[in-house]
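Residue numbers (the numbering used here): 428 to 874.
Positions of the beta carbon are idealized from the N, C-alpha and C atoms, including for glycine.
Nothing here was measured: the structure is a model prediction, and the numbers come from that model.
Right, one structure below, let's go through it.
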Amino acid sequence: MRIVVLGAGYAGLTLARRLEDALGPDHELIVINDSPSHLVQHEIHRAIRRPAIAESVVVPLTKVLDRATVRVAQVESVDPDAKTVSLAAPPSAERAARAYDGDGGAGEGDDSDSDGGRAESEGTTIEIENGGERADSAENAGDSGEGRERTGEGGESESTLAYDVCAICLGAETDFQDVPGVAEHATPLKRLPDAERIRADFLSVLPEGGRVVVCGAGLSGIQVAGELAVLARERGASEDIEVLLTEALGEVAPAFSTEFSRAVREELEDRGVEIRTNAPVERADSGGVVIDDEEITADQLLWTGGIRGSRALGNERPVVKSTLELEEGTFVVGDAARVVDTNGAAVPASAQSAVREARAVAESIATIADQEDADGFRPRLAPFDFDSPGWLVSVGDGAVAQVGPTVLRGKAAKALKTSVGAGYLTSVGAIGDAVDLAREELASGPD
Numbered sequence: 428m429r430i431v432v433l434g435a436g437y438a439g440l441t442l443a444r445r446l447e448d449a450l451g452p453d454h455e456l457i458v459i460n461d462s463p464s465h466l467v468q469h470e471i472h473r474a475i476r477r478p479a480i481a482e483s484v485v486v487p488l489t490k491v492l493d494r495a496t497v498r499v500a501q502v503e504s505v506d507p508d509a510k511t512v513s514l515a516a517p518p519s520a521e522r523a524a525r526a527y528d529g530d531g532g533a534g535e536g537d538d539s540d541s542d543g544g545r546a547e548s549e550g551t552t553i554e555i556e557n558g559g560e561r562a563d564s565a566e567n568a569g570d571s572g573e574g575r576e577r578t579g580e581g582g583e584s585e586s587t588l589a590y591d592v593c594a595i596c597l598g599a600e601t602d603f604q605d606v607p608g609v610a611e612h613a614t615p616l617k618r619l620p621d622a623e624r625i626r627a628d629f630l631s632v633l634p635e636g637g638r639v640v641v642c643g644a645g646l647s648g649i650q651v652a653g654e655l656a657v658l659a660r661e662r663g664a665s666e667d668i669e670v671l672l673t674e675a676l677g678e679v680a681p682a683f684s685t686e687f688s689r690a691v692r693e694e695l696e697d698r699g700v701e702i703r704t705n706a707p708v709e710r711a712d713s714g715g716v717v718i719d720d721e722e723i724t725a726d727q728l729l730w731t732g733g734i735r736g737s738r739a740l741g742n743e744r745p746v747v748k749s750t751l752e753l754e755e756g757t758f759v760v761g762d763a764a765r766v767v768d769t770n771g772a773a774v775p776a777s778a779q780s781a782v783r784e785a786r787a788v789a790e791s792i793a794t795i796a797d798q799e800d801a802d803g804f805r806p807r808l809a810p811f812d813f814d815s816p817g818w819l820v821s822v823g824d825g826a827v828a829q830v831g832p833t834v835l836r837g838k839a840a841k842a843l844k845t846s847v848g849a850g851y852l853t854s855v856g857a858i859g860d861a862v863d864l865a866r867e868e869l870a871s872g873p874d
């Protein structure tokens with residue numbers, strides 16, 4: 428049986444590692460990702476203020492996978508009826524190959540020889556998709572699956588990979604919500620280059636002073652605003668820089684409890700962040716944004732105002748029920764889907780949700796594989812029940828945590844946030860990176 432995991436974010440990496448342990452040697456496991464590395468996305472806002480942290484949040488996949496074939500490619504489309512995936516070269520295939528081969532380091536300066544996690548094993552294969560062909564980047568690289576080559580609409584070459592079971596773990600993209608001017612003038616925060624650009628643009632504003640507008644007060648917007656406010660203070664520019672956080676709904680962190688939202692607002696205000704709620708953006712241009720017919724000038728404009736599905740899914744996030752299957756044999760996991768659990772409750776898009784969904788799907792796929800080995804009959808899959816232990820958000824060097832009904836701030840919340848981040852890295856085998864992240868987080872004093 429060929430099992431294909433599309434994406435190596437929180438859901439994809441968690442799922443692949445579980446399947447490596449659960450599947451027998453006769454089953455083929457292929458991981459498709461547009462990079463040879465895994466990004467710890469919930470920590471990339473830290474790189475705005477502390478660029479060195481990037482070394483701890485980019486983890487080479489060869490470091491954390493044992494026997495899966497990792498194929499670096501762009502997923503163009505998925506056909507659940509035909510059970511095929513169309514692939515093309517990743518946006519920067521040459522850079523991906525260099526990153527793996529060691530030209531510049533494996534993953535933004537990450538030392539692939541550092542201690543921790545699974546060492547690159549003889550069973551791990553990296554292949555770089557390159558115009559319908561695969562460039563084997565490991566000595567033991569073999570054929571990762573028969574495929575057909577075709578030409579895409581733009582003239583680019585694509586290859587087609589067939590599967591028996593597929594898990595779509597492609598995450599989500601920034602949704603600019605068709606607000607005029609936003610895509611052209613605002614910077615999102617989805618990848619490390621976004622954090623680098625935000626930092627560079629912010630530092631260019633500091634000498635003269637000005638206003639930075641962050642649109643969208645979900646967890647990402649809260650964390651970005653907190654980082655910028657503290658960075659301004661560290662540079663002695665608090666009096667000259669205004670950080671304005673806007674939200675279309677009635678409160679910051681609107682998807683969470685009233686107590687959590689209130690604590691987050693207080694943490695932001697303690698750091699000098701201005702907050703404006705019930706303030707949907709009507710349009711944006713090079714000078715700022717318009718809210719309620721009022722022009723608000725901005726020397727820097729950031730957008731954290733929502734997500735949409737992957738391009739491979741037509742920018743849609745399909746609704747999947749509690750088995751997390753889109754069609755028989757095709758699962759959608761993490762932010763790529765709108766998940767409804769066994770109780771009929773909508774599961775929030777978050778790293779926590781993605782990891783829990785991946786664990787459930789790993790059990791389902793292992794059950795399918797075991798049943799095929801036994802008698803070929805398809806088993807009944809267990810439903811997914813989401814039960815969150817709590818929520819965490821960074822605000823500068825502080826944090827807010829909710830554990831059950833209890834909301835924590837200060838040192839307790841920060842310690843919990845640090846332990847969760849390091850704990851995740853440990854769970855995927857990147858122990859050295861976990862230690863580095865914890866050291867970096869704990870070294871920063873209270874702000």
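- Taking 8 Å as the cut-off, the Cβ atoms of A652 and L672 count as close.
- In this structure, L619 keeps its C-beta atom at 8 Å or more from the C-beta atom of S737.
- Contact check for G823 against V657 passes: the beta carbons are separated by less than 8 Å.
- Minimum Cα-Cα distance from V640 among the listed residues T731, S815, R476 and A840 corresponds to T731.
- Rounded to whole angstroms, the Cβ separation of A763 and I595 is 5 Å, and the two are in contact under 8 Å.
- Cβ neighbours of H469 within its own chain (closer than 6 Å, five residues either side excluded): A778.
- Around the beta carbon of A435, 16 or more other beta carbons sit within 10 angstroms, so the residue counts as buried.
- Counting only residues of its own chain and dropping the five nearest sequence neighbours on each side, A739 has a CB closer than 7 Å to the CB of V502, E503, S504, V505 and L597.
- For T833, the three-state secondary structure derived from DSSP is strand.
- For Q727, the enclosing beta strand (DSSP E) begins and ends at Q727 to W730.
- Annotation: the continuous beta strand (DSSP E) that includes S504 extends over Q501 to D506.
- D712 has G715 as its beta-bridge partners, per DSSP.
- Between the beta-carbon of L633 and that of I668 there is about 7 Å, and that keeps the pair under the 8 Å contact cut.
- Within the same chain, and ignoring the five residues on either side of P478 in sequence, no residue has its Cβ closer than 6 Å to its Cβ.
- For the pair of segments examined, the stretch 713-725 was found not to touch the stretch 742-757: the number of CB pairs separated by less than 8 Å stays below three.
- Residue range T511 to A515 is occupied by the beta strand (DSSP E) that includes A515.
- In the three-state DSSP reduction, H612 falls in the helix class (H, G or I).
- Residue range T757 to V759 is occupied by the beta strand (DSSP E) that includes F758, with no alpha helix (DSSP H) assigned at that position.
- Rounded to whole angstroms, G714 and L729 show a C-alpha spacing of 13 Å.
- Take S791, set aside five residues on each side of it, and the residues of its chain with a beta-carbon closer than 6 Å to its own are L808, in chain order.
- Two segments are said to touch when three or more pairs of C-beta atoms, one from each, lie closer than 8 Å; by this definition the stretch 765-774 does not touch the stretch 826-843.
- Straight through space, the alpha carbons of G859 and R429 are spaced by roughly 32 Å.
- For V592, the uninterrupted beta strand (DSSP E) segment begins and ends at V592 to I595.
- Spanning the alpha carbons of E694 and A840 requires a straight line of approximately 12 Å.
- With respect to the 8 Å criterion, V485 and L466 are classified as neighbours on the basis of their beta carbons.
- Distance between E755 and D448, taken at the CA atoms: about 23 Å.
- Shown here, E556 sits in a strand according to DSSP, grouped into three states.
- Residue state for P620 is assigned as helix, using DSSP reduced to three classes.
- Here the alpha carbons of L588 and I702 stand approximately 48 Å from one another.
- H469 sits in a helix when the DSSP states are folded into three classes.
- Under DSSP, A828 shares a beta bridge with L819 and L835.
- The three-state secondary structure of G439, taken from DSSP, is helix.
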